[in-house]
Each structure stands twice: as structure tokens, then as C-alpha cells.
Amino acid sequence: MSLYAQDNGFNGETFYRAIFKHQYGKKENIADPTILQSICNDNGFHINVEEVLQDPVHQQKFDDYIQLAHEAGISGVPNFIYLKSKLPGYATVENFLQFIDDAKERKKAGS
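Now the structure itself:
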């Protein structure tokens, strides 16, 4: 849905915040099309969720992003990619800062 929202001029940040609120704040299953439809409607994104989910063009774009993620070694979310390096989202702040420093050093070294 987020790809479709972005492609159709809907404010991505508004959409992501609404999804996050319902998934983590309200503990709702955002994979349920009925819940997703309600989230979209409540936030001014008036679409037919079932139609979007069945749209072959949208599905192909989603599949392409999944393939790109797998090629980058991402198998779950969140993950961070910085200067061609990957860090899982569960890393500590210290690990995250070290990850950035290491990536910068590799960039300086030309690798």
C-alpha cells in the first residue's frame, strides 16, 4: 500500500504514521484488508484496498522491491543500508554508530 500511496500523491509520512499507530499502538493486524481500508479512509486516502492489492502492475512493483531487498541481503525489517553496508534494525545505538564509522572508513579506503 505504501508504494501505491506514494505513486498516487498521498503524503507518505502521514500514511506511515497511521500504519505504525495501528500496528504498534492499537495492535491491529494491518495485513487485514478491512483494517487497511479503514486506515486509508480515516486518513483521507480514498481508494479501494482490495482493487489495489489485486492490481498486477502494483504487485509487480512490489515484487521488484522484494527482489531488490533480497539481493541486498535484507530478509526482515527494519534494516538500514548506508554506503552499501547493511545493519539490522535491532542493533544497539553503539552498534549503529560503529556501523556508520566503519562505512565511512571503507569509503575513505575506496572499498
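Each residue of the sequence shown is one higher than the one before, counting from 58 in our numbering. For each residue, glycine too, the CB sits at the ideal point set by N, CA and C.
- Of the residues ASP158, GLY146, GLY69, LEU140, the one whose Cα lies closest to the Cα of SER132 is GLY146.
- Bounds of any alpha helix (DSSP H) do not take in SER132, whose DSSP letter is neither H nor E.
- According to the DSSP secondary-structure assignment, LYS143 is paired through a beta bridge with ILE138.
- By the criterion of a C-beta distance shorter than 8 Å, LYS164 is surrounded in its chain by LEU140, once the five residues flanking it on both sides are discounted.
- TYR122 counts as exposed, since fewer than 16 other C-beta atoms from the protein chains shown sit within 10 angstroms of its C-beta.
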